[in-house]
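Chemist:
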Amino acid sequence: MYYRKDVPCLKRKYKKLKKILDIARGFTQEVTFLGITPVDESKTMPIPWRTDLYYMEKNVALYNDALEKFCAENAVAFIPIYDLITKDDLPDGLHPNPEGHAKIAEKVLERSIREEDSERLARNAITELGRTYGRKQN
Numbered sequence: 001m002y003y004r005k006d007v008p009c010l011k012r013k014y015k016k017l018k019k020i021l022d023i024a025r026g027f028t029q030e031v032t033f034l035g036i037t038p039v040d041e042s043k044t045m046p047i048p049w050r051t052d053l054y055y056m057e058k059n060v061a062l063y064n065d066a067l068e069k070f071c072a073e074n075a076v077a078f079i080p081i082y083d084l085i086t087k088d089d090l091p092d093g094l095h096p097n098p099e100g101h102a103k104i105a106e107k108v109l110e111r112s113i114r115e116e117d118s119e120r121l122a123r124n125a126i127t128e129l130g131r132t133y134g135r136k137q138n
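Numbering-wise, the numbering used here puts 121 at position 121 of the sequence shown, and it's gapless, one number per residue.
Here it is, written out as structure tokens:
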């Protein structure tokens, strides 16, 4: 999701998403797409290892909007994660650290667990995530 220009080519990405969705639906009808995390532009404009490429917040917003629209049009579950992740969770400005990944996992579990088992399974999963990542649980 890097860019050479100010505005990304969403039409081409939309076609690629459709292809990915078609492949996934060849295995299961229960497909879920995750939104995109924020970026820390102070570390991604430009990308240190390729100074002609940038990761920009305004493009993340465009992609998240397009992805959510794509999911609605194709009857696919969409889990927004943009507001879960802070700059503290992005040590390189782009990729979540273990704490960021734990936040995403909690959100995915929260949305994917069946109604009848949700409370018990969520509590166990969050406790296990806490043990794994050293976070205290309430």
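C-beta atoms are modelled at their ideal positions from N, C-alpha and C, and glycine is treated no differently.
Output the boundary residues of the alpha helix (DSSP H) element that contains Phe-70.
Modeler: Walking along the sequence shown from the start, residue 70 turns up at place 70. 57 to 73 is the span of the alpha helix (DSSP H), which, as asked, contains Phe-70.
Chemist: Check whether the Cβ atoms of Pro-98 and Ile-85 sit closer than 7 Å, and answer yes or no.
Modeler: If you number the sequence shown from 1, residue 98 lands on position 98. If you number the sequence shown from 1, residue 85 lands on position 85. Not in contact: Pro-98 and Ile-85 (Cβ atoms no closer than 7 Å).
Chemist: Would Gly-100 and Thr-44 qualify as a contact pair, given that the criterion is a beta-carbon distance under 7 Å?
Modeler: Along the sequence shown, one-based indexing puts residue 100 at 100. Along the sequence shown, one-based indexing puts residue 44 at 44. Result no, Cβ atoms of Gly-100 and Thr-44 do not sit closer than 7 Å.
Chemist: Determine the contact status of Tyr-63 and Ile-36, defining contact as a CB-CB distance below 7 Å.
Modeler: Here residue 63 corresponds to residue number 63 of the sequence shown, with the count starting at 1. Here residue 36 corresponds to residue number 36 of the sequence shown, with the count starting at 1. The answer is yes: Cβ separation under 7 Å.
Chemist: Expressed to the nearest angstrom, what Euclidean distance is found between the alpha-carbon atoms of Arg-12 and Ile-126?
Modeler: Counting from 1 along the sequence shown, the entry for residue 12 is found at position 12. Counting from 1 along the sequence shown, the entry for residue 126 is found at position 126. If I take the Cα positions, the gap works out to 38 Å.
Chemist: Could you pull the start and end residues of the alpha helix (DSSP H) that Leu-10 belongs to?
Modeler: The residue you call residue 10 lines up with position 10 of the sequence shown. It spans 10 to 25 - the alpha helix (DSSP H) in which Leu-10 sits, taken as one unbroken run.
Chemist: Looking only at its own chain, which residues have a Cβ that is under 8 Å from the Cβ of Glu-57, when we skip the five neighbours before and after it?
Modeler: Taking the first residue of the sequence shown as 1, we reach residue 57 at position 57. Counting only Cβ-Cβ distances below 8 Å, and skipping sequence neighbours, we find Pro-38, Val-39, Glu-41.
Chemist: Have a look at the DSSP bridge pairing and note the partners of Ile-47.
Modeler: Residue 47 sits at position 47 when you count from the first residue of the sequence shown. For Ile-47, which the question treats as bridged, DSSP gives the partners Arg-50.
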